[in-house]
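Comments concern the structure below.
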Amino acid sequence: MPILPEPVQNLIYAFERLPGVGPKTASRLAFFLLRAPDNLSEDLAEALKALKTATGFCKICYNITLADQEICEICADSRRDKQSICVVEEPLDVLALERTGGFQGRYHVLHGVLSPIEGIVPEDLKIRPLIERVKQDQVKEVIIATNPSMEGDATALYLRQQLIPLGPRLTRLARGLPVGGDLEYADQNTLLRALAGRQDMD
Ligand SMILES: [Zn+2]
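First residue of the sequence shown: 1, per the numbering used here; consecutive thereafter.
Following this line, the structure appears as C-alpha cells:
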C-alpha cells in the first residue's frame, strides 16, 4: 500500500509527467494545493479542462485558436501580408515574434522539429500544408524561424529542399540568437535584430 492516499499520489504522478518537474517539485505542488483554498484547485481544474475542449488549431497556419474559430486572428487579418510566411516550431514562437512587432506577414506552425532520435519524421509535422500554402498563395518569402538547435537547423534544411523548387525567397533568422536556446525565451530586441538581419539560405 502506498504511504500517501491515492488521490495525492495520483496528482504527484501527473505533475511528474510535466517537462522540467521532478518528484520533489511534484510533491511540493501537490501538498501546496492540498493546503490552498478550494477555489485554487477548482480554477486550476477548470482551466486544464478548457485547455483541450475550448481550443483548436487554425486551419491555415496551425496556430492555437478558440475551438469555435476556424482560423486565427492573424490569418483573418487582411492587412497581414499573405505572401510572406514565417515558419516556427511552436505557437509560443508566434507570440514571441508578435511581441517584437517587426513582422507583418503570416505564420506557419510546424508543431515540432525533425528528430531522428525521437523518431519525428516530416509526416509528423505540418510541412505538407505549408507547401500547399506556398503554392496556392504564390508566397514570395518564407522566413524559416526554427530554433538555432541541431534539430532546428536540420528542419530548416529539409524545408529549403522542399520549398526551393516552388520559387519563394528563403531566409533564415540571423545568428545572434543563443545557440540551442528557444525563440520563445529570446528577448524582444535580439529577436527583432535576428528578424531584420535574416539571411538568404543558399
Ligand atoms: Zn492562422
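We put the beta carbon where it would ideally sit given N, CA and C, even for glycine. Quick caveat: nothing in here was measured; it's all calculated off a predicted structure.
Nearest to residue 53 (by Cα), restricted to the options 69, 40 and 160: Taking the Cα of residue 53 as reference, the smallest distance to any Cα among 69, 40 and 160 is reached at 69.
Whole-angstrom distance between residue 26 and residue 110, CA atom to CA atom: Taking the Cα positions, residue 110 is about 30 Å away from residue 26.
Let me check understanding here. Comparing Cα to Cα, which of 72, 193 and 19 lies closest to residue 107? Closest in C-alpha terms to residue 107, from the list 72, 193 and 19, comes 72.
Assuming contact is defined by CB atoms lying nearer than 8 Å, are residue 155 and residue 200 in contact in what I supplied? No. Outside cutoff.
Name the DSSP bridge partner or partners of residue 176? Residue pairing by DSSP places residue 176 opposite no residue, since no beta bridge is assigned to it.
Report the partner residues of residue 142 according to the DSSP bridge assignment. In the DSSP output, where bridge partners are listed per residue, residue 142 has 85 and 170.
Look at the alpha carbon of residue 92 and the alpha carbon of residue 113, and state the distance between them as a whole number of angstroms. Whole-angstrom Cα-Cα distance: 14 Å.
Does the distance between the C-beta of residue 74 and the nearest non-hydrogen atom of ligand 1 fall short of 7 Å? Under cutoff, so the answer is yes.
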